[in-house]
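There are 2 protein chains.
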Amino acid sequence: MATIKEVAALAGVTPTTVTNVLRDRGRVGDATRERVLKVVAAQGYRPNLNARALVERRAPTIALMLGCITNPFYPEFTLQANNAARRHGRFLLVCNTDYEPDGGTRFLADVAGSLSDGILVANNGDLRIDELKAIQATGTPVVISIWEFPDDPPGVPCVAFDSHKAGFIAADHLLELGHHRIGALIGSPKNGIHGGRYQGFRDALRARKVKHVLADARFCSDSFQSGFDAALDLLSAHPDLTALFVSNDLPALGALNAAASLGLNVPDDISIVSVTDIELASQSRPSLTTVAIPTAEMAEQSVELLLKLIANAPDVPPVVRTADPVLVKRASTAPVRKS
Amino acid sequence: MATIKEVAALAGVTPTTVTNVLRDRGRVGDATRERVLKVVAAQGYRPNLNARALVERRAPTIALMLGCITNPFYPEFTLQANNAARRHGRFLLVCNTDYEPDGGTRFLADVAGSLSDGILVANNGDLRIDELKAIQATGTPVVISIWEFPDDPPGVPCVAFDSHKAGFIAADHLLELGHHRIGALIGSPKNGIHGGRYQGFRDALRARKVKHVLADARFCSDSFQSGFDAALDLLSAHPDLTALFVSNDLPALGALNAAASLGLNVPDDISIVSVTDIELASQSRPSLTTVAIPTAEMAEQSVELLLKLIANAPDVPPVVRTADPVLVKRASTAPVRKS
DNA sequence: CTGTTAGCGCTTTCAG
DNA sequence: CTGAAAGCGCTAACAG
Chain C
1 MATIKEVAAL AGVTPTTVTN VLRDRGRVGD ATRERVLKVV AAQGYRPNLN ARALVERRAP
61 TIALMLGCIT NPFYPEFTLQ ANNAARRHGR FLLVCNTDYE PDGGTRFLAD VAGSLSDGIL
121 VANNGDLRID ELKAIQATGT PVVISIWEFP DDPPGVPCVA FDSHKAGFIA ADHLLELGHH
181 RIGALIGSPK NGIHGGRYQG FRDALRARKV KHVLADARFC SDSFQSGFDA ALDLLSAHPD
241 LTALFVSNDL PALGALNAAA SLGLNVPDDI SIVSVTDIEL ASQSRPSLTT VAIPTAEMAE
301 QSVELLLKLI ANAPDVPPVV RTADPVLVKR ASTAPVRKS
Chain A
1 MATIKEVAAL AGVTPTTVTN VLRDRGRVGD ATRERVLKVV AAQGYRPNLN ARALVERRAP
61 TIALMLGCIT NPFYPEFTLQ ANNAARRHGR FLLVCNTDYE PDGGTRFLAD VAGSLSDGIL
121 VANNGDLRID ELKAIQATGT PVVISIWEFP DDPPGVPCVA FDSHKAGFIA ADHLLELGHH
181 RIGALIGSPK NGIHGGRYQG FRDALRARKV KHVLADARFC SDSFQSGFDA ALDLLSAHPD
241 LTALFVSNDL PALGALNAAA SLGLNVPDDI SIVSVTDIEL ASQSRPSLTT VAIPTAEMAE
301 QSVELLLKLI ANAPDVPPVV RTADPVLVKR ASTAPVRKS
């Protein structure tokens with residue numbers, strides 16, 4: 001790899017001039033510029049980004065910490081974040097933390113120390129806020145990317161969507177269809193990451209004076225298999241349920257399969273609605289009615305917020321609110337059957 | 001962020017000693033070591049990896065270039081590659097190239113120039129081998145991670161699995177079940193990335209003297225929707241087909257849905273087998289019989305091969321062959337019905 | 001065992 | 001308009 005020195009020598013100038021040409025800095029003579037550019041092209045010279053980072057005290061990458069890249073929501077998010085980062089001339093360092101022995105603490109510190117100028121943290125419901133604050137304190141900005149509680153900020157800058165509304169909209173859709181025996185499958189503990197969605201669901205029922213008891217709910221983890229198991233359990237225990245609210249697409253897809261296993265037709269025997277709208281939601285059979293959250297917007301806003309923080313911009317808001325979630329009607333919900 | 005100088009000052013030593021302590025270079029007195037470690041802990045000091053990379057002429061990351069992270073095979077591969085990289089003390093820089101204006105050429109050059117010590121390229125069937133060679137020529141090792149033709153190496157070090165055998169095994173499974181009217185859905189051009197799988201399929205039929213004509217094949221792209229469309233077309237055109245060989249899981253899942261749309265029961269009316277075994281293959285309804293390729297092994301071997309190349313190890317093989325693909329019987333295939 | 005010196009490749013004052 | 005000099009934070013010789 002050619003260095004700037006070699007390029008400078010070949011062009012008969014000093015490194016300073018090469019930099020000035022490449023970075024479009026001070027005025028360089030047209031002839032000199034030509035000459036330098038010719039050598040740069042001939043040598044295929046590319047500046048060493050590490051060296052540049054060192055002197056500029058600014059890394060070329062931002063990091064994205066996420067729990068598990070194989071959960072299909074994250075690749076979709078990652079893609080958008082990557083694109084946004086690229087648009088701003090940055091590289092995205094994707095950090096999968098699930099398999100780190102210490103849950104990613106060390107990983108985070110290494111990355112934040114030097115490799116990356118800032119950290120995007122995808123909320124997986126298991127955040128260590130104090131650690132994030134410690135990182136912040138060292139001077140590396142941190143943004144939580146997918147915060148579910150816009151009115152209850154975590155004390156770290158974040159991008160939040162209205163999870164309560166998402167749950168509300170989903171439930172309301174079922175109510176509109178005439179359902180009133182509705183089960184709930186929540187992909188987190190009751191007051192965990194999907195707690196806002198669940199609360200929205202309950203508030204929608206209450207608004208229409210439909211009762212919800214804890215016996216009609218199951219709390220599981222955010223996976224296909226877990227949703228399958230929980231749905232099997234719930235639907236067996238309460239055969240009178242005509243609809244299911246699931247807090248996330250992945251367990252909802254599991255629930256879809258569970259219903260089929262029980263010989264229940266979706267949506268004729270049981271309607272299923274969930275939240276998120278990952279790509280798979282449109283590919284299942286039946287396709288999944290779900291409340292889409294603004295994934296792309298969150299990714300973009302997160303990157304932008306982080307870059308503002310890095311640039312030390314004034315008046316950076318502690319919480320960026322995204323657009324509201326929106327119902328995507330597909331084939332897994334239908335009016336309740338008259339019995 | 002504290003620097004090594006500050007730490008050294010606080011501990012009453014020079015930066016050299018701090019380095020020696022931190023890198024376990026020996027030759028440091030116990031008392032001094034203690035003292036340094038205490039300051040390091042107190043300051044939460046972490047070395048600047050960029051500065052280290054600069055002086056060591058060795059970057060802390062390796063890059064993984066891939067077409068589209070949202071194709072579910074890649075997150076699975078990425079996870080394994082990430083874990084392997086981490087085991088070797090490296091960070092994995094994930095580079096999505098599909099949305100780069102120039103197909104990733106510039107991206108590649110930037111990353112290879114300095115950010116990463118080596119490049120892993122996930123084969124998406126659209127490789128620019130000459131560009132990869134050019135990168136290699138600048139001194140940055142390149143490894144192609146998922147090569148399909150072990151006997152036809154690309155001229156760049158690679159990890160290859162036996163795609164021919166994968167196709168052969170899949171076809172053989174259908175033949176064993178008594179099928180002889182078998183359609184083929186190939187997720188690439190005829191001699192494209194899935195060409196080996198297709199050839200294996202045809203060779204298996206020929207070995208059993210079962211005819212295959214091009215009219216029974218469709219070539220599509222490697223996506224759910226594309227598989228859906230192609231299957232719809234193929235199955236409508238040839239209602240006598242009793243089985244389908246699909247070259248990849250993603251289009252196979254589309255085919256599964258297409259069959260359902262046509263009112264065909266899988267596997268009673270039509271058997272479907274494919275190749276890869278992504279996680280979704282076990283979550284579809286019916287679950288997908290498929291020939292598993294050694295994804296995790298490829299990821300690990302790729303990382304190891306790349307690191308050997310980076311370390312300038314002697315006798316590095318130009319092609320690493322993985323274990324053979326293996327049939328995973330699930331619910332999408334069944335014996336042909338007597339007619 | 002510990003310190004001194006030099007330099008990785010680049011950019012940024014500041015002179016000329 | 002161009003160059004000389006200094007230094008980003010770290011590590012590797014080589015002294016002592």
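One line per chain: the protein sequences are C and A, in this order. Per UniProt numbering, residue 1 is the first one in the first sequence, and the count goes up by one each step. Per UniProt numbering, residue 1 is the first one in the second sequence, and the count goes up by one each step. Ideal Cβ positions, reconstructed from N, Cα and C, are used throughout, including at glycine.
For residue i, name the three-state secondary structure that DSSP assigns.
| i | result |
| --- | --- |
| L174 of chain A | helix |
| M65 of chain A | strand |
| I119 of chain C | strand |
| F245 of chain C | strand |
| G104 of chain C | coil |
| A260 of chain A | helix |
| T78 of chain A | helix |
| L127 of chain A | coil |
| T19 of chain C | helix |
| R208 of chain A | coil |
| F219 of chain C | strand |
| I144 of chain C | strand |
| S236 of chain A | helix |
| A184 of chain C | strand |
What does the alpha-carbon distance come out to for the pair residue i and residue j?
| i | j | result |
| --- | --- | --- |
| T242 of chain A | N83 of chain A | 42 Å |
| K308 of chain C | L235 of chain C | 48 Å |
| A260 of chain A | V266 of chain A | 8 Å |
| S271 of chain C | A166 of chain C | 17 Å |
| V156 of chain A | T97 of chain C | 31 Å |
| S221 of chain A | A258 of chain C | 31 Å |
| D24 of chain A | A109 of chain C | 20 Å |
| P189 of chain C | L115 of chain C | 35 Å |
| R90 of chain A | R46 of chain A | 16 Å |
| K38 of chain A | I119 of chain C | 27 Å |
| S287 of chain C | H179 of chain C | 19 Å |
| E6 of chain C | V303 of chain C | 36 Å |
| A112 of chain C | A299 of chain C | 19 Å |
| L205 of chain A | A215 of chain A | 15 Å |
| T105 of chain C | M65 of chain C | 11 Å |
| D130 of chain A | W147 of chain A | 16 Å |
| G254 of chain A | S274 of chain A | 11 Å |
| R33 of chain A | V143 of chain A | 41 Å |
| P72 of chain C | V246 of chain A | 23 Å |
| T78 of chain C | A207 of chain A | 45 Å |
Counting contacts by CB-CB distance shorter than 8 Å, is residue i in contact with chain A?
| i | result |
| --- | --- |
| M65 of chain C | no |
| Q283 of chain C | yes |
| T138 of chain C | yes |
| A85 of chain C | no |
Since residue i meets chain C, which of its residues come closer than 9 Å, beta carbon to beta carbon?
| i | result |
| --- | --- |
| residue 377 of chain A | Lying before the first or after the last residue shown, residue 377 of chain A is absent from chain A, which here runs from 1 to 339. |
| Y198 of chain A | Those do not exist, as Y198 of chain A stays about 24 Å from chain C at its closest Cβ, beyond 9 Å. |
| T70 of chain A | P72, P75, E76, T78, L79 and E279 |
| N96 of chain A | T78, L79, N82, N83, R86 and L92 |
| A59 of chain A | N50 |
Check the Cβ-Cβ distances between residue i and every residue of chain C, and say whether any is below 8 Å.
| i | result |
| --- | --- |
| T3 of chain A | no |
| D269 of chain A | no |
| N191 of chain A | no |
| L185 of chain A | no |
For residue i, go through chain C and note every residue whose CB falls closer than 8 Å to its CB, in chain order.
| i | result |
| --- | --- |
| N265 of chain A | Those within 8 Å of N265 of chain A in chain C number zero; the least Cβ separation is about 13 Å. |
So which residues of chain C does residue i contact, with C-beta pairs closer than 7 Å?
| i | result |
| --- | --- |
| R46 of chain A | A109, D110 and G113 |
| F224 of chain A | Q283 |
In chain A, which residues lie less than 9 Å from residue i when you measure between Cβ atoms?
| i | result |
| --- | --- |
| A260 of chain C | R285 |
| N257 of chain C | Q283, S284 and R285 |
| F219 of chain C | Correct list: empty, because the minimum Cβ distance to chain A is about 21 Å. |
Check the Cβ of residue i against every Cβ in chain A and list those closer than 8 Å, keeping chain order.
| i | result |
| --- | --- |
| A51 of chain C | L54 and S114 |
| F161 of chain C | Ordered by position in chain A, no residue passes the 8 Å Cβ test against F161 of chain C, which lies about 20 Å from the chain. |
ask   = Should the region 4-21 of chain A be called in touch with the region 272-291 of chain C, which here means at least 3 C-beta pairs below 8 Å?
value = no
query = Between the region 119-139 of chain C and the region 44-57 of chain C, do three or more beta carbon pairs fall short of 8 Å?
reply = no
ask   = Touching or not, the region 222-232 of chain C and the region 177-188 of chain C, by the rule of three or more beta carbon pairs under 8 Å?
value = yes
ask   = Can at least three beta-carbon pairs, one atom from the region 150-164 of chain A and one from the region 309-319 of chain A, be found at a separation below 8 Å?
value = yes
message = Count Cβ pairs between the region 274-286 of chain A and the region 100-109 of chain A that sit closer than 8 Å; are there 3 or more?
response = no
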